[in-house]
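Shown next, in structure tokens, is the structure this report addresses.
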Ligand SMILES: Nc1ncnc2c1ncn2[C@@H]1O[C@H](COP(=O)(O)OP(=O)(O)OP(=O)(O)O)[C@@H](O)[C@H]1O
Ligand SMILES: [Mg+2]
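In this note's numbering, the protein residues as written are 1330 to 1715.
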């Protein structure tokens, strides 16, 4: 039953997918645009290509003839996935899911216009002039994001009219590819935000992990915890939305579905059709299968019956603070290991950039999640990236 998995994207999430796949005896080829990427270090084979180059993608798909094409990042020439599906390849979870989530526009229009799922008010703009019109529609404060970007790149909160021009310029700088378009969204003054890890199964039910709370800074996740205690009705509403949108996109796999929760309203924000960074908290043993193992099982059509919470958990990121092309040295691990019921994972990225995520600290137990978050932060703070 050994199958060939072509993993597109070889970061820390991909690395865990490789490990999960190999524990189910699969063969993985890890791909990314740089050598020695985390997932490559544990994969059977690797390829270094520009994944935004469709011809390069075609070449390695043709070369390896994988049973599964598993995207781990957004920046891939995902239009090609439709061809691969036509040729009989299986794209995880589906070509449509990967393609629609590459660009904020497709996924937002699908959710809001087609499926009538509640989102923040939004408009698109392809010029400063259009952005000004968009801001009039959403009102101030509002959030501007490039249509193609991730981890908060190019994202600004507009707090007064004077910010509009800067927001446009910054979005153009932070945009991936050559797409000169942004989305401007009403700023949601949410009480908290969640990731609802959703498992779709071709041969089984869609099931949900206990909801994950998280804190974002600079548009990037800093800490996450599981479960987040929330109103049952809000959770049910989020689950119904997640079910609808994942069904419409199709296929088997784990999805990170992001929501903003305000007093009386649940807003769908965005989703990733693959493991989610905030879902690293599941590495703390909060569930019988972590999100990567769930993904692997769904891909291989191994049924998962349910995903109960086993214990509370939290995660906190370990960031680099300087740019360097040398393999980083980590210090403070001994100090970091002195907190009870904690763990840390170092991703093994070969180079650093300012704010690049290099590792994650984990904590677990029966304590309240606020306490676990503090403990995970304490562990993370002891680890220094040099
Ligand atoms: N309309 C909004 N109102 C309030 N906060 C927002 C809004 N949009 C985004 N944010 C904040 O910015 C964070 C990042 O936004 P979003 O998830 O859309 O960007 P991203 O670049 O795709 O991030 P990532 O790839 O890390 O998930 C959100 O998790 C939320 O904290
Ligand atoms: Mg997000």
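We put the CB at the ideal spot given by N, CA and C, even for glycine.
Quick check on residue 1674: does DSSP put it in helix, strand or coil?
strand
Buried/exposed call for residue 1663, threshold 16 Cβ in 10 Å:
exposed
Should residue 1472 be listed as close to ligand 1, given that the test is whether its C-beta is under 6 Å from any heavy atom?
yes
Keeping to the same chain, check which residues put their C-beta closer than 8 Å to that of residue 1383; ignore five residues upstream and five downstream.
1406, 1408 and 1409
Does the distance between the C-beta of residue 1546 and the nearest non-hydrogen atom of ligand 2 fall short of 6 Å?
no
Since I believe residue 1586 is in contact with residue 1524 (beta carbons under 8 Å), could you give me their beta-carbon distance rounded to a whole number of angstroms?
7 Å
Heavy atom of ligand 1 within 6 Å of residue 1517 beta-carbon:
yes
Going by DSSP, name the residue or residues bridged to residue 1543.
1553
Would you check if the distance between the CB atom of residue 1516 and the CB atom of residue 1470 is smaller than 7 Å?
yes
Just to confirm, is the Cβ distance from residue 1376 to residue 1357 under 7 Å?
no
Quick one: what's got a C-beta closer than 7 Å to residue 1640's C-beta in the same chain, skipping five residues either side?
1614, 1615, 1693, 1694 and 1695
On the three-state DSSP scale, how would you describe residue 1687?
strand
I need the DSSP call for residue 1361, collapsed to helix, strand or coil.
strand
DSSP-derived helix/strand/coil call for residue 1698:
helix
Taking 6 Å as the cut-off, does the CB of residue 1666 come closer than this to any heavy atom belonging to ligand 1?
no
For residue 1660, does the count of other Cβ atoms within 10 angstroms reach 16, so buried, or fall short, so exposed?
exposed
Per DSSP, what kind of secondary structure is residue 1707 in: helix, strand or coil?
helix
Residue from 1575, 1402 and 1413 with nearest C-alpha to residue 1391
1413
Whose C-alpha, out of 1349, 1344, 1337 and 1365, is nearest the C-alpha of residue 1655?
1365
Check whether residue 1672 and residue 1536 have beta carbons under 7 Å apart
no
Residue environment, residue 1624, which counts as buried when at least 16 other CB atoms sit within 10 Å:
buried
Among all the DSSP beta bridges, which residues are the ones paired with residue 1597?
1588
Below 8 Å, can you find three or more Cβ-Cβ pairs linking the region 1391-1403 to the region 1338-1354?
yes
At what residue ranges does the region 1409-1485 contain a whole run of the beta strand (DSSP E), taking only runs of 3 or more?
1451-1454 and 1471-1475
Provide the residue span of the alpha helix (DSSP H) that contains residue 1625, from first to last.
1620-1628
Sort 1455, 1505, 1715 and 1609 by Cα distance to residue 1556 and report the nearest one.
1609
Check whether the Cβ atoms of residue 1526 and residue 1416 sit closer than 7 Å, and answer yes or no.
no
Does the Cβ-Cβ distance between residue 1652 and residue 1682 come in under 7 Å?
yes
Option in 1698, 1666 and 1649 with minimal Cα separation from residue 1676:
1649
Length-filtered (4 minimum) alpha helix (DSSP H) runs lying within the region 1372-1410:
1383-1393
Mind reading off the beta-carbon distance from residue 1419 to residue 1436? Whole number of angstroms is fine, and I expect it under 8 Å.
At roughly 21 Å, the Cβ-Cβ gap does not stay under 8 Å, so residue 1419 and residue 1436 are not in contact.
Can we count residue 1587 as close to ligand 2, meaning its CB is less than 6 Å from some heavy atom?
yes
For ligand 1, is there any heavy atom lying closer than 6 Å to the beta carbon of residue 1480?
yes
In three-state DSSP terms, what is residue 1511?
strand
For the alpha helix (DSSP H) that contains residue 1580, what are its first and last residues?
Unbroken run through residue 1580: none, as it is neither H nor E.
Among the residues of its own chain, which have a CB less than 6 Å from the CB of residue 1570, if the five just before and after it don't count?
1446 and 1597
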